[in-house]
Amino acid sequence: MPGKGDEPSVSRSEQIQAIEREAAKRRLLAEAEADRIPVEETTQAIPDRRWRRGQH
């Protein structure tokens, strides 16, 4: 019979953990979106004179 009394608390803690995981995922996604660099900025070519002279 002790199992019946423990079941709701385990279920509740699992629900809380799931909510916390979802909140953490949303925070990470929001942070990643804020740090994201638009693709237009990453594909612009910048001339490098060292490359043309063959120096690395």
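Be aware that the sequence shown starts at 2, since it is given in the numbering used here, and climbs by one per residue.
Cβ coordinates follow ideal geometry from the N, Cα and C atoms, glycine included.
Using the C-alpha atoms, what's the distance from arginine 22 back to arginine 28? 10 Å
Just how far apart, CA to CA, sit glutamate 34 and valine 11? 34 Å
Just verifying my parser: in three-state terms, what is the DSSP assignment at arginine 28? helix
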